[in-house]
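> At position 131 of the sequence shown (counting the first as 1) the number is 111 in the numbering used here, and the numbers step up by one without a gap.
Right, I'll just put the structure down here and ask away after.
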Amino acid sequence: MNNSQLINKSLIELNVHAQTKNEALREVANIAYNAGRLESGESYLNGMLERENTSTTGFGGGVAIPHAKVDGVLEPTISVIKLKQAVEWNAMDDKPVQLLIALAVPKKQEGTVHLKLLAKLSENLMEEDFVDSLQSANTKEEILKTITSIFK
-19 MNNSQLINKS LIELNVHAQT KNEALREVAN IAYNAGRLES GESYLNGMLE
31 RENTSTTGFG GGVAIPHAKV DGVLEPTISV IKLKQAVEWN AMDDKPVQLL
81 IALAVPKKQE GTVHLKLLAK LSENLMEEDF VDSLQSANTK EEILKTITSI
131 FK
C-alpha cells in the first residue's frame, strides 16, 4: 500500500463548516464517498458514530482520529478535515477538536491495515512538530505532504 492509495487531495478539505461532532463526521463520510472510496457514506458514518459511542476518538490537542471498519470501504483511506471552528468532542484533554484525521478500512482488514494505520498516526500525533505542521497547514498540498511523510 503506497501513499497515493491511502490519501490524495480529494480526501482533504479545509475550512469545513460543522457545528457538532455528528456534522463533522457526516462531512468525513461525504468526502470519502465523493472520492469513490465507499459504497455507502451512510454505513461509514454509522460505523464512526458507533465507534464514538464506545469511546472518544478525540486524541487531544485539537485533534480527533475518527475511524470505522465497515464492509463497503473499497480501499483503506485516510481523510483529513480542518474545521472552520472547533467543535466539542469529549476529547481526552476536554478541549474541542478542529482537525480530524479519519480512517476508513474494509472490515476484512480490521486486524492488519487498520491497526497499522492507527498506530502510525497515534505515534506521530505525539510529536509536536507533526501536529504543528498539520494545524498550521493552509493548503491541501501541505497536509498531503505531512501525512504521506509518515508512511514512507
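Cβ coordinates follow ideal geometry from the N, Cα and C atoms, glycine included.
These figures come from a predicted structure and were not determined experimentally.
Among L63, D73 and L54, which residue has its Cα nearest to the Cα of A117?
The residue given as residue 117 occupies position 137 in the sequence shown. If we check each option's Cα against that of A117, L63 comes out closest.
> Are the region 96 to 116 and the region 17 to 27 touching by the rule of at least three beta carbon pairs closer than 8 Å?
They do not touch, by the three-pair rule.
> For the region 50 to 81, which segments carrying the beta strand (DSSP E) assignment without a break, of at least 3 residues, lie completely within its bounds, in sequence order?
The region 50 to 81 contains these whole beta strand (DSSP E) runs: 57 to 67.
> Taking the straight line between their C-alpha atoms, what separation do you get for F110 and D51?
Locating residue 110 in the sequence shown gives position 130, where the first residue counts as 1. Locating residue 51 in the sequence shown gives position 71, where the first residue counts as 1. Computed Cα separation, rounded: 31 Å.
> Would you call the CB atoms of K132 and E68 closer than 8 Å?
As a first step, residue 132 must be located in the sequence shown, where it is residue number 152. As a first step, residue 68 must be located in the sequence shown, where it is residue number 88. No.
> Looking at the secondary structure, which residues open and close the alpha helix (DSSP H) in which L29 lies?
Walking along the sequence shown from the start, residue 29 turns up at place 49. Here the alpha helix (DSSP H) through L29 covers G21 to T34.
> Sort T119, E55, Q115 and S(-10) by Cα distance to A44 and report the nearest one.
Taking the first residue of the sequence shown as 1, we reach residue 44 at position 64. With distances taken between Cα atoms, A44 lies closest to Q115.
> Can you tell me whether E(-7) is helix, strand or coil according to DSSP?
Taking the first residue of the sequence shown as 1, we reach residue -7 at position 13. E(-7): strand per DSSP, three-state reduction.
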